[in-house]
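A.B. asks: Just dropping this structure here.
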Amino acid sequence: MKEVLIVVDMQRGFLEPGYPLYCGDAVREKVIPAVKSMIEQKLKEGAKLIFTQDWHQPDDPEFKMWPRHCVAGTEEAEIVPELASYEGIHIHKTRYSAFYNTNLDQILKEIAPDKVTVCGVCTDICVLYTVADLRNRDYPVEVHEKCVASFDPEAHEWALKHMEKILGVKVIR
Ligand SMILES: [Zn+2]
Numbered sequence: 005m006k007e008v009l010i011v012v013d014m015q016r017g018f019l020e021p022g023y024p025l026y027c028g029d030a031v032r033e034k035v036i037p038a039v040k041s042m043i044e045q046k047l048k049e050g051a052k053l054i055f056t057q058d059w060h061q062p063d064d065p066e067f068k069m070w071p072r073h074c075v076a077g078t079e080e081a082e083i084v085p086e087l088a089s090y091e092g093i094h095i096h097k098t099r100y101s102a103f104y105n106t107n108l109d110q111i112l113k114e115i116a117p118d119k120v121t122v123c124g125v126c127t128d129i130c131v132l133y134t135v136a137d138l139r140n141r142d143y144p145v146e147v148h149e150k151c152v153a154s155f156d157p158e159a160h161e162w163a164l165k166h167m168e169k170i171l172g173v174k175v176i177r
């Protein structure tokens, strides 16, 4: 079985205090160790690893909605040091879905995975829209509750239910 693990936006800007879109200590403490052990487990099982990174130009129109964050090449846009040493394919993205204006579609077509596991932040934003685009392409998707998080716990719960009931994701709690 060919498997892919997509690690969504595990970047300093979302997971280290002091940055404008820091998700908070609870998210940081939950999700970094959980994603780390998921990576270890999936690598042992022979999965391919893909990291997405929010990666904006300084004048990105997204900054009309959100404070300026994760500008290309800055420390803020780096993968957190706890996960930075794992080798994988890096997808730089400018919108919530990791498919928008990237070569992720092509990469997945070449791998042709039987299953895609998605982890990272935020459950209700970049995880959700990336998962939706995976399901639009008919990839079977699995999401482990402990390996995703959001600064908004209610939205986290809603997104998990939505992924399960509407997108046909296997949500593991
Ligand atoms: Zn962004």
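Quick note on my numbering: the sequence shown kicks off at 5 and runs consecutively. Note that CB positions come from ideal geometry on N, CA and C, so glycine has one too.
Using 8 Å as the cut-off, classify the Cβ of A98 as near or not near the heavy atoms of ligand 1, replying yes or no.
C.D. replies: Looking at the sequence itself, residue 98 is Thr, so the reference to Ala does not match. Correct: T98 has its Cβ closer than 8 Å to ligand 1.
A.B. asks: Going by C-alpha distance, which of K174, G77, R99 and L108 is nearest G92?
C.D. replies: Measuring from the Cα of G92, the nearest candidate turns out to be L108.
A.B. asks: Flag W4 as yes when its Cβ comes closer than 8 Å to any non-hydrogen atom of ligand 1, and as no otherwise.
C.D. replies: The first residue shown for the chain is 5 and the last is 177, placing residue 4 beyond what the model contains.
A.B. asks: Is the number of C-beta pairs between the segment 129-140 and the segment 93-112 that are closer than 8 Å three or more?
C.D. replies: The segment 129-140 vs the segment 93-112: in contact.
A.B. asks: Please tell me whether, using a cut-off of 8 Å, the distance from the CB of C74 to the nearest non-hydrogen atom of ligand 1 is below it.
C.D. replies: Yes - ligand 1 has a heavy atom lying nearer than 8 Å to the Cβ of C74.
A.B. asks: Between V84, I115 and H160, which has its C-alpha nearest D13's C-alpha?
C.D. replies: It is V84 whose Cα lies nearest to the Cα of D13.
A.B. asks: If you measure from the CB of D156, is any heavy atom of ligand 1 nearer than 8 Å?
C.D. replies: D156: no, Cβ never under 8 Å from ligand 1.
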